[in-house]
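These notes are about the structure you will find just below.
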Amino acid sequence: MFNFLKQKKEGKALVACADGVLIELEKVNDPVFSEKIMGDGFAIKTKGSVFYSPADGVISMLFPSNHAYALTLEDGMELLVHIGINTVEEEGKGFKCNLSAGDKVKSGDEILSIDRPYLEGKGYDLTTMIIFTNKEAYEDFSCEFGREVKGGKDISAYYKA
C-alpha cells in the first residue's frame with residue numbers, strides 16, 4: 286500500500302473503466318492476458334454495464350465487434366481495454382458504442398455499454414483487461430488489487446512515465 290500511495294504523488298492517474306474489483310492480470314482466465322503476451326496491465330472483475338475512458342485522449346482503435354477499444358493518451362501512453370473473455374465471438378451483439386476511432390475523450394467519458402444479462406446468459410466472463418500496449422512509454426505502474434472501484438470516477442491505477 287505504501288508504494289501505491291507513493292506512486293499517487295509521482296504517477297499519472299487512470300480512472301476505472303468500469304464498476305468492479307481490481308485484480309491482478311495473472312488471475313485472468315485467459316493465457317493471452319494472464320501471461321502478459323499483449324503487455325502488462327491489470328483487470329477489473331466488472332459489475333456494471335457502462336465502460337468509460339480511463340484518461341484524456343483519443344480513441345485510436347475501436348474493434349468492429351465493440352468488445353475492445355484502444356486509447357492514445359495525451360502523453361503518448363497507449364491502452365487497450367478488452368471487455369470480457371472470448372466476447373469477440375458475439376460479433377458485436379450485446380455491445381453498443383456511439384463513438385468512433387479518432388474521437389477525443391476525457392477521463393470518465395462513457396465509451397460504450399453492454400447488455401450484461403445477455404452476455405452473462407451466454408456464459409461469458411466479463412472481466413475487463415486494461416493493457417499498457419507501448420511498454421517503452423512508462424517505467425512502472427501501481428494498482429491496489431482487491432479494491433472496489435466505481436467506473437468513470439475512482440482511480441484504478443497510477444503509472445509513471
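Read in order, the letters of the sequence shown are residues 286 to 446 in the numbering used here. Ideal Cβ positions, reconstructed from N, Cα and C, are used throughout, including at glycine.
Return the first residue and the last residue of the beta strand (DSSP E) that residue i is part of.
{"i": "residue 354", "result": "353-358"}
{"i": "residue 337", "result": "335-337"}
{"i": "residue 313", "result": "Residue 313 -> no beta strand (DSSP E), and no H or E assigned at all."}
{"i": "residue 425", "result": "425-427"}
Roughly how many whole angstroms lie between the Cα atoms of residue i and residue j?
{"i": "residue 439", "j": "residue 376", "result": "30 Å"}
{"i": "residue 331", "j": "residue 406", "result": "15 Å"}
{"i": "residue 314", "j": "residue 370", "result": "8 Å"}
{"i": "residue 402", "j": "residue 381", "result": "14 Å"}
{"i": "residue 394", "j": "residue 437", "result": "7 Å"}
{"i": "residue 368", "j": "residue 432", "result": "19 Å"}
Residues in its own chain within less than 6 Å of residue i by CB, not counting five upstream and five downstream?
{"i": "residue 336", "result": "302, 303, 396, 397"}
{"i": "residue 426", "result": "442, 444"}
{"i": "residue 325", "result": "417"}
{"i": "residue 299", "result": "339, 340, 441, 442"}
If you check the beta carbons only, do residue i and residue j fall under 8 Å apart?
{"i": "residue 353", "j": "residue 366", "result": "yes"}
{"i": "residue 327", "j": "residue 399", "result": "no"}
{"i": "residue 379", "j": "residue 404", "result": "yes"}
{"i": "residue 308", "j": "residue 430", "result": "yes"}
{"i": "residue 361", "j": "residue 422", "result": "yes"}
For residue i, which residues of its own chain have a beta-carbon under 8 Å away from its beta-carbon, when the five flanking residues on both sides are left out?
{"i": "residue 390", "result": "338, 341, 342, 343, 344, 356, 384, 396"}
Please list the segments of the alpha helix (DSSP H) lying wholly inside the region 345-417, counting only runs of 4 or more residues, in order along the chain.
-> 401-406
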